[in-house]
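As structure tokens, the structure follows; a few thoughts come after it.
Protein chains: 2
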Amino acid sequence: MSLSVSFFDRASQAFHRSPKFSKLLVIFAVGAGGIVAYADAKSGHVVESSEVSGKKKLVVLGTGWAGMSFLKNLDTSLYDVQVVSPRNYFAFTPLLPSVTCGTVESRSIIEPIRNIVKKKGGVKFWEAECFNIDPVNKKVHCRSNSGMNMGGNGEFAVDYDYLVLAIGARPNTFNTPGVVEHCHFLKEVEDAEKIRRSVMNCFEKASLPNLSEEEKRKNLHFIIVGGGPTGVEFAAALHDFVSEDLSKLYPTCKDLVKISVIEAGEHILSMFDKRITKFAEEKFQRDGIEVKTNFKVVKVSDEAITMTNAATGEINVPYGMAVWSTGIGTRPLMMDFMKQVGQGNRRVLATDEWLRVHNCDGVYALGDCATVSQRKVMEDVSEIFRIVDKDHSGKLTSKEIKDVLDDICERYPQVELYMKSKQMKNSVDLLRDLESNSLKESKELDLEDFKKALAYVDSQVKMLPATAQVAAQQGYYLAQCFNKMNISEEHPEGPLRIRGTGRHRFQPFRYKHLGQFAPLGGGQTAAQLPGDWISIGHGAQGLWYSVYASKQVSWRTRVMVIGDWTRRFIFGRDSSCL
Amino acid sequence: MSLSVSFFDRASQAFHRSPKFSKLLVIFAVGAGGIVAYADAKSGHVVESSEVSGKKKLVVLGTGWAGMSFLKNLDTSLYDVQVVSPRNYFAFTPLLPSVTCGTVESRSIIEPIRNIVKKKGGVKFWEAECFNIDPVNKKVHCRSNSGMNMGGNGEFAVDYDYLVLAIGARPNTFNTPGVVEHCHFLKEVEDAEKIRRSVMNCFEKASLPNLSEEEKRKNLHFIIVGGGPTGVEFAAALHDFVSEDLSKLYPTCKDLVKISVIEAGEHILSMFDKRITKFAEEKFQRDGIEVKTNFKVVKVSDEAITMTNAATGEINVPYGMAVWSTGIGTRPLMMDFMKQVGQGNRRVLATDEWLRVHNCDGVYALGDCATVSQRKVMEDVSEIFRIVDKDHSGKLTSKEIKDVLDDICERYPQVELYMKSKQMKNSVDLLRDLESNSLKESKELDLEDFKKALAYVDSQVKMLPATAQVAAQQGYYLAQCFNKMNISEEHPEGPLRIRGTGRHRFQPFRYKHLGQFAPLGGGQTAAQLPGDWISIGHGAQGLWYSVYASKQVSWRTRVMVIGDWTRRFIFGRDSSCL
């Protein structure tokens, strides 16, 4: 019996291997599940990669958004690819808040990384955690995280020629005492499952006999620290869970439940448009979700959260369960690595616009574990002037600017943003603006004028948000670069080198913002789409459903997520303490 | 906004509360999900039970098969019902082996107990573990199992008039050293999830670099101790998982996997018909599953399992994961209780045929935590003779036997079994048989002859198996008894009292065996159905699917289980280490 069983085999096995029946079944499946079954059937056999000499060793750390997107788009036949991650699956993290309340099951949003890469062949995966990067000897040291009964201690080292760091971040507690011990985070699938169990435990505890109302209220007080998109979405999801499902099953509890969102800033969802912030705050008020802005949490104990506010001073708030969602911090592995590569004084690892780690040959970093440090115009202003001033006249003309404007904009996107912000269309407009900035009457700029004129441009540099969208785009970008590594050596496609000669090998990474959602509960979502288009309500919720369904990494998870939504709609959410 | 949201509300909410749309949606749902949605929509509101004086306090411990079946069939308006269980859900345990390999998801086989009883109202549920039963003061002492930050230690006591014990059993290790520390069990949903994670960890460990083939083989050796239905089904499920799914994702591992079933007896599946045992052993041999019969495990360490056999002596077998499935033992709570009620010398709590605990007023026990101790004919033989011999002639006639035969058979089912086994149809046949047993020529039996004649009857007494089927039937039976408690006091419906006057209040519990399945993998199942009807193969697998789907406790789990089967068929099983 062959050990490799595809969908067709399964179908025919079930019907005693009659080909007629299996055809019938496939038609049925195409009718019911569509292209799904067909795609699976095509997957074929896996070819075991052999260490073909001559291929460069490409090691990828991490299987999150950045790592998965990179692997999915990489031509794995060009490299000897090894992936190291403590998780052998990719998780669709934007649905984690839905997992906390059972709207979607945890297994529905994860896909084994081996499934994702199996069609390509030649990718080796090690389920282990990297605990040390050695950029000098080009090695990563890893440790298996599933028990040690292997004769050794489960440690091994992997050599690399290229290293792609995509290990993500950890929750940032700002060193607040008690957070790690008493608060839940919401970064991993396990976190979401723990929160789900914890919510149900709070309800079961509050339902026990002989409890005072005060004790019940304490157990049913859910505090979310951090009014960002994750915290707000969780608060909304929890409110829906309580009002739609738990209130029926725990009738004695429903009036004692309190959900609070604690935010240190002025408003929740501060990264969104003001209209969305306002709508969210008003909706939460109507729903009875308390929003405490300008409150800073200073301590967490097992009984209460201590917070301060300019008006009230320090207060103690008893709680049943707390979720900490205040942003991300750097992982210890990354801290060590940063010290080694001379970035010890930074908070996050910096890469250049090609996602390369500064001064570190062959190492790339993407996703939440790094930030792109955009080169400032002012750092290169003399060289830029030299390049633009083709005739070495010491003065720039509109024609000269026009010739290199595309390259400049590609290398320094802030110039393009600056032009856009001032409604400039071409080099003539730009020259005119630079002239007016330089406060001179003359029609030609010299170096000093040029410096003065560009002084404001760098303020347009924007930090990329720590989102799945950025990580996925970076993974795609870097995979494309690796795929054309050889071709582009001969035919570089990037902008002109400002310090140096010729062109950069690749175009630098450019983030394209496709919009962001903030589900607010009750079937309503706020969406901020490109071009400042705002949509709030049931329509945006529909859009949310379709975007999240279409962005799923496989047909399997897509079908499962949609199935979960349907199930929730018909039967409600499961309230078992599992 | 009302906090009680039914399916209709949800539907109309999503469509801006237009009743026209919600009708449309319901029609859609009936088309797609059928009666499902309608049944849910009927569920209505929950009425909070008030402690109406006069109602007797009925306390149920446990929410497994016995407890759930009892609660589901109980008229909860007649009693003040309180349920105590550490699990707030019911689990469909026969599908646990499927959960170990992800064929079915764990959430698909569980249903919150509050969901099951919410339509009835008046049932209070406490998520806690009972740690002491006090039959003297009619109290159970319980402890909340979800943290203790309640001001107290989470302990409380519950008074009862009637106590229904349905707490199930624990795995039996026969005090073999190392089992608890190193083996998995397969009794709870969490066990199945742990096994699933452990299987995947074994594959990931075996895939790590720098491992010798010996180490790989060790990690991929899966040992199942116990050749009963659970162990055999798990072995078969694991083999399917490996050959259908994992072999594609772990091509380097597939030839190193070994699955062994260790059985102390002569054969696996010894409780089944010999034809099934033979088929299973042959199929396992074809599949490469090693069956080691007549092997007794004496020790388990973290590296190897030590077992003995008359021929080989003691051998050490290295393993990656071991599942211990050798039957059930009594829980510590039950041991303590048995000492209190004078059953300290027994292995399992005994009840009479009405599921009442001997010498313990108002306490009932059912499911795996107790056994029905069938009254022996020989214990009552003098009284039986007295009752049958209506005219006190000291001799029995066929007519006299006929008059009370139904009552006798009801009270002592072994008599009926005895008659069946000898193809007797009525009292004339029975008298003739008794006469021939008594080795006398006379046509009339006196007491001594009667005793001699019945000497073999008690050997027909059968112990009930520890299955879900028995527990569910007992729960249903006991609920019916409680429902007609008052009516049957005036109109007793049971058999004649042998020691005493009048009739028993209820008919004794009688188990009706509906058959048993043994899934053997590869789409093949063995089924032993009533009347010694044996079916083996794909047809029995179809029957298995339909029986297990129809026996689901709710429409929600039914839809989810069928959905999981479909998903497995199309996409295979999930191999994430979650």
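Chains as they are written, first to last, in our numbering: chain G, 1 to 578; chain W, 579 to 1156.
Where is the CB? At the ideal position from N, CA and C, for every residue including glycine.
* Label R567(G) either buried or exposed according to how many other C-beta atoms from any shown protein chain fall within 10 Å of its C-beta, with 16 as the threshold for buried. => On the first sequence, position 567 is the one that residue 567(G) refers to. R567(G) counts as buried, since no fewer than 16 other beta carbons sit within 10 angstroms of its beta carbon.
* Contact belief for A928(W) with Q918(W) at Cβ below 8 angstroms, rounded distance in angstroms -> Start at 1 with the first residue of the second sequence, and residue 928(W) comes out as number 350. Start at 1 with the first residue of the second sequence, and residue 918(W) comes out as number 340. Contact annotation, A928(W) with Q918(W): C-beta distance approximately 14 angstroms; criterion of less than 8 angstroms not satisfied.
* Would you say S582(G) reaches chain W, if we count a Cβ-Cβ gap shorter than 7 angstroms as a contact? -> Outside the shown range of chain G (1 to 578) lies residue 582(G), about which nothing can therefore be said.
* Asked: Would you call the region 56 to 75 of chain G and the region 1108 to 1127 of chain W touching, i.e. three or more CB-CB distances under 8 angstroms?
  -> No, because fewer than three Cβ pairs between the region 56 to 75 of chain G and the region 1108 to 1127 of chain W fall closer than 8 angstroms, the two stretches do not touch.
* Assign N359(G) to one of two classes, buried (16 or more other C-beta atoms within 10 Å of its C-beta) or exposed (fewer than that). => What you label residue 359(G) is simply residue 359 of the first sequence in a count that begins at 1. Taking all protein chains shown into account, N359(G) has fewer than 16 neighbouring C-beta atoms within 10 Å of its C-beta and is therefore exposed.
* To do: Could you have a look at S785(W) and say whether DSSP puts it in helix, strand or coil?
  => Indexing the second sequence from 1 puts residue 785(W) at position 207. Helix, per DSSP.
* To do: Report yes or no: is there a C-beta of chain G within less than 7 angstroms of the C-beta of P597(W)?
  => One-based indexing of the second sequence puts residue 597(W) at position 19. Low local confidence applies: a pLDDT of 42 at P597(W) is under 50, so the model's placement there is unreliable, and no value is given.
* Cβ shell of A735(W) (< 6 angstroms), same chain only, five flanking positions each side left out -> Along the second sequence, one-based indexing puts residue 735(W) at 157. A distance below 6 angstroms between beta-carbons, with the five flanking residues on each side excluded, links A735(W) to the following residues of its chain, in chain order: K717, H719.
* To do: Could you have a look at D80(G) and say whether DSSP puts it in helix, strand or coil?
  => The residue given as residue 80(G) occupies position 80 in the first sequence. In the three-state reduction of the DSSP assignment, D80(G) falls in the strand class, which pools E and B.
* Roughly how many angstroms separate the alpha carbons of L434(G) and L417(G), rounded to a whole number? -> If you number the first sequence from 1, residue 434(G) lands on position 434. If you number the first sequence from 1, residue 417(G) lands on position 417. Roughly 15 angstroms separates the two Cα atoms.
* Asked: Quick check: the region 701 to 718 of chain W against the region 197 to 214 of chain G, are there 3 or more CB pairs under 8 angstroms?
  -> Result yes; three or more Cβ-Cβ pairs closer than 8 angstroms.
* To do: Give the DSSP-derived three-state secondary structure of Y1034(W) in the structure shown.
  => As a working mapping, residue 1034(W) is identified with position 456 in the second sequence. Here Y1034(W) sits in coil by DSSP.
* To do: Please compile the residues from chain G whose C-beta is within a distance smaller than 8 angstroms of the C-beta of P690(W).
  => Looking up residue 690(W) in the second sequence gives position 112. Result: L249, D574, S575, S576.
* Asked: What do you reckon, are the CB atoms on L464(G) and A236(G) nearer than 7 angstroms?
  -> Reading the first sequence from its first residue, position 464 is the one you call residue 464(G). Reading the first sequence from its first residue, position 236 is the one you call residue 236(G). In this structure, L464(G) lies away from A236(G), with their beta-carbon atoms at least 7 angstroms apart.
* For R685(W), decide whether its Cβ has a neighbour in chain G, counting only Cβ atoms nearer than 7 angstroms. => Taking the first residue of the second sequence as 1, we reach residue 685(W) at position 107. Cβ-Cβ to chain G under 7 angstroms: yes for R685(W).
* Would DSSP call F234(G) helix, strand or coil? -> Translated into the one-based positions of the first sequence, residue 234(G) becomes position 234. Looking at F234(G) - three-state DSSP - the assignment turns out to be helix.
* Asked: So, L1107(W) versus G1093(W), is the Cβ gap smaller than 7 angstroms?
  -> Counting from one through the second sequence, the residue named residue 1107(W) turns up at place 529. Counting from one through the second sequence, the residue named residue 1093(W) turns up at place 515. Yes, the pair counts as a contact, with Cβ atoms nearer than the cut-off.
* **Sequence-distant residues of its chain with Cβ nearer than 6 angstroms to P479(G) (five each side left out)** => The residue given as residue 479(G) occupies position 479 in the first sequence. According to the sequence shown, residue 479(G) is Ala rather than Pro. For A479(G), the CB contacts under 6 angstroms within the same chain, skipping 5 residues up- and downstream, are F70, N73, L74 in chain order.
* Name, in chain order, the residues that DSSP records as bridge partners for R411(G). => Along the first sequence, read from residue 1 onward, the residue named residue 411(G) stands at position 411. DSSP lists no partner for R411(G).
* Asked: Taking Cβ positions, are I643(G) and E410(G) nearer each other than 7 angstroms?
  -> Since the first residue of chain G shown is 1 and the last is 578, residue 643(G) is not available in this structure.
* Go through the region 702 to 785 of chain W residue by residue and report every complete run of the beta strand (DSSP E) that reaches 3 residues or more, in order. => Listed in chain order, they are 717 to 722, 733 to 737, 740 to 743.
* Asked: Interface residues of chain G around M1138(W) at Cβ under 8 angstroms?
  -> Position 560 of the second sequence, counted from the start, is the residue given in the question as residue 1138(W). What M1138(W) touches in chain G: R567.
* Could you list which residues in chain G have their beta carbon closer than 8 angstroms to that of V767(W), in chain order? => Taking the second sequence and counting its residues from 1, the one referred to as residue 767(W) is at position 189. Neighbours of V767(W) on chain G, chain order: L578.
* To do: Look at the alpha carbon of S575(G) and the alpha carbon of S247(G), and state the distance between them as a whole number of angstroms.
  => Mapped onto the first sequence, residue 575(G) falls at position 575. Mapped onto the first sequence, residue 247(G) falls at position 247. Looking at the two C-alpha atoms, the distance is approximately 11 angstroms.
* Asked: Using a C-beta cutoff of 7 angstroms, does N437(G) count as contacting chain W?
  -> Along the first sequence, read from residue 1 onward, the residue named residue 437(G) stands at position 437. N437(G) has a beta carbon lying at 7 angstroms or more from every beta carbon in chain W.
* Asked: What does L349(G) pair with, by DSSP beta-bridge criteria?
  -> As a first step, residue 349(G) must be located in the first sequence, where it is residue number 349. Partner(s): A370(G).
* Return the residue from the list T63(G), L269(G), I167(G), I110(G) that minimises the CA-CA distance to A527(G). => Numbered from its first residue, the first sequence carries residue 527(G) at position 527. Nearest C-alpha to A527(G): L269(G).
* Asked: Got a sec: is the Cβ-Cβ distance from E707(W) to anything in chain G below 7 angstroms?
  -> The residue given as residue 707(W) occupies position 129 in the second sequence. The Cβ of E707(W) sits no closer than 7 angstroms to any Cβ of chain G.
* **H504(G) in three-state terms, based on DSSP** => Mapped onto the first sequence, residue 504(G) falls at position 504. H504(G) falls in the coil class under three-state DSSP.
* To do: Taking all protein chains shown into account, decide if M849(W) is buried (16 or more other Cβ within 10 angstroms of its Cβ) or exposed.
  => Walking along the second sequence from the start, residue 849(W) turns up at place 271. With fewer than 16 Cβ atoms within 10 Å of its Cβ, M849(W) is classed as exposed.
* What are the residues that DSSP puts in a beta bridge with Q1094(W)? -> On the second sequence, residue 1094(W) is found 516 positions in, with the first residue counted as 1. DSSP output for Q1094(W) lists Q1106(W) as bridge partner(s).
* Which of helix, strand or coil does DSSP assign to A1118(W)? -> On the second sequence, position 540 is the one that residue 1118(W) refers to. In the structure shown, A1118(W) sits in a helix (DSSP, three-state: H, G or I).
* Counting only the same chain and skipping the five closest in sequence on each side, list residues whose C-beta sits under 7 angstroms from that of N201(G). => Here the question's residue 201(G) lines up with position 201 in the first sequence. So the list reads C577, once near-sequence residues are dropped.
* To do: Can you give me the start and stop residues for the beta strand (DSSP E) that L639(W) sits inside?
  => As a first step, residue 639(W) must be located in the second sequence, where it is residue number 61. Its beta strand (DSSP E) spans residues 634 to 639.
* Which of helix, strand or coil does DSSP assign to T1144(W)? -> The residue labelled residue 1144(W) in the question sits at position 566 within the second sequence. Shown here, T1144(W) sits in a helix according to DSSP, grouped into three states.
* Could you check how far apart the C-beta atoms of Y1126(W) and L673(W) are, in whole angstroms? I think they sit under 8 angstroms. => Locating residue 1126(W) in the second sequence gives position 548, counting from the first residue. Locating residue 673(W) in the second sequence gives position 95, counting from the first residue. About 7 angstroms separates the beta carbon of Y1126(W) from that of L673(W), a gap short enough to meet the 8 angstroms contact definition.
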